[in-house]
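Okay, so the sequence shown: first residue is 1 according to the UniProt record's numbering, each after it adds one.
Note that the Cβ used here is the ideal one computed from N, Cα and C, for glycine as well.
Here the structure is a predicted model, which means the values were calculated and not measured.
What follows is a short report on a single structure.
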Amino acid sequence: MPGICRTSTILVSSFLLAGCLAQEEVPFAGGMPEPASAERGEAVAQEWCATCHARDESERAARPAEAGDGPSFAEIARREGRDELFLWDFLEEDHFPMPTYRLFPRERADIAAYIVSLRIEE
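Structural data, given as structure tokens:
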């Protein structure tokens, strides 16, 4: 009977290991999936974030009064320490009064790339 117990242990361990290795996205050392796309990020930001956040200050000034008053993406990009990794982590957590969105890791990475690209454009 000791052989059956050992065989069962090996099988169970093999299945558990296989499940651990079957991850969809493998993050790099910083934790973000690669590669991010600013173009995709702009599309995601327009869909989920543009109600409160404009692209830049000129777009924000032209918005109707009932629009949300979050900082522009360009303003966020200029803040100290707002690199892609910071933004990727930030977008994972809830931040009142921001609505709670559950973005996929790829979407968070793309939005972070989009915001950082606005700093480079200026």
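Compute the distance between the beta-carbons of V44 and A77, then report whether it is under 9 angstroms. no
Closest residue to A50 among S72, A36 and A65 (Cα-Cα distance): S72
Mapping DSSP to helix, strand and coil, what is G70? coil
Of the choices F96, E80, D69 and E84, whose alpha-carbon is the least far from that of R106? E84
Skipping 5 residues on each side, what residues in its chain have a beta carbon closer than 7 angstroms to that of A113? A36, S37, A38, G41 and E84
Tell me which same chain residues have a C-beta within less than 6 angstroms of the C-beta of D56, skipping the five on either side of it? S72 and A74
Tell me whether the beta-carbon of I120 lies closer than 9 angstroms to the beta-carbon of L87. no
Near T100, which residues of its chain fall below 6 angstroms by C-beta distance, leaving aside the five closest residues on each side in sequence? D94
If distances are taken between C-alpha atoms only, which option among R79, A109 and E66 comes closest to D89? A109
DSSP-derived helix/strand/coil call for A43: helix
Hey, quick one: how far does the alpha helix (DSSP H) through F96 stretch, first residue to last? Note, F96: premise wrong, no alpha helix (DSSP H); not H, not E.
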